[in-house]
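Numbering (UniProt numbering), first residue to last: 1 to 130.
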């Protein structure tokens with residue numbers, strides 16, 4: 001499943017070779033980062049966890065922002081997994097333009113949904129903290 005999502009992001013990026021795979025993994029990392037932080041916010045609210053010092057809270061979010069893109073990049077690009085995904089699903093150049101447009105719309109929808117989830121969970125967390 002995650003490989004298919006990576007392939008969708010891979011098809012929606014316009015580059016070639018190694019940089020193409022690197023950018024696709026970074027574009028997959030953005031909604032992943034937002035979703036993980038949203039889940040962290042919601043767990044904090046629903047389980048009534050006391051939020052640590054503000055500096056530690058911000059440092060934790062920032063570490064998510066560094067760790068997720070780094071490890072997704074190492075997983076897909078560093079291990080060569082993107083080559084196996086292309087071998088499995090085919091080259092993005094072989095995909096019809098209608099399917100490519102659908103993939104672009106789907107990747108932007110994933111971005112938008114993750115961003116909305118992040119905003120809503122942040123709003124819930126701010127109401128909880130006040």
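Here a beta-carbon is modelled for each residue, glycine too, at the ideal position from N, C-alpha and C.
Cβ-based burial, residue i [other Cβ within 10 Å; buried from 16]
{"i": "residue 8", "result": "buried"}
{"i": "residue 29", "result": "buried"}
{"i": "residue 63", "result": "exposed"}
{"i": "residue 116", "result": "exposed"}
{"i": "residue 110", "result": "buried"}
{"i": "residue 38", "result": "buried"}
{"i": "residue 119", "result": "exposed"}
{"i": "residue 126", "result": "exposed"}
{"i": "residue 101", "result": "exposed"}
{"i": "residue 91", "result": "exposed"}
{"i": "residue 105", "result": "exposed"}
Identity of the residue in the options nearest residue i by Cα
{"i": "residue 11", "options": "47, 77 and 97", "result": "97"}
{"i": "residue 108", "options": "120, 27, 19 and 14", "result": "27"}
{"i": "residue 2", "options": "23, 13, 22 and 32", "result": "32"}
{"i": "residue 36", "options": "66, 129 and 102", "result": "66"}
{"i": "residue 70", "options": "22, 53 and 94", "result": "22"}
{"i": "residue 123", "options": "94, 41 and 86", "result": "41"}
Assumed close pair residue i, residue j - CB separation to whole angstroms, cut-off 8 Å
{"i": "residue 49", "j": "residue 43", "result": "7 Å"}
{"i": "residue 25", "j": "residue 79", "result": "Wrong, their Cβ atoms sit about 11 Å apart, outside the cutoff."}
{"i": "residue 85", "j": "residue 6", "result": "6 Å"}
DSSP-derived helix/strand/coil call for residue i
{"i": "residue 14", "result": "coil"}
{"i": "residue 96", "result": "coil"}
{"i": "residue 122", "result": "helix"}
{"i": "residue 102", "result": "helix"}
{"i": "residue 50", "result": "coil"}
{"i": "residue 80", "result": "coil"}
{"i": "residue 130", "result": "coil"}
{"i": "residue 90", "result": "coil"}
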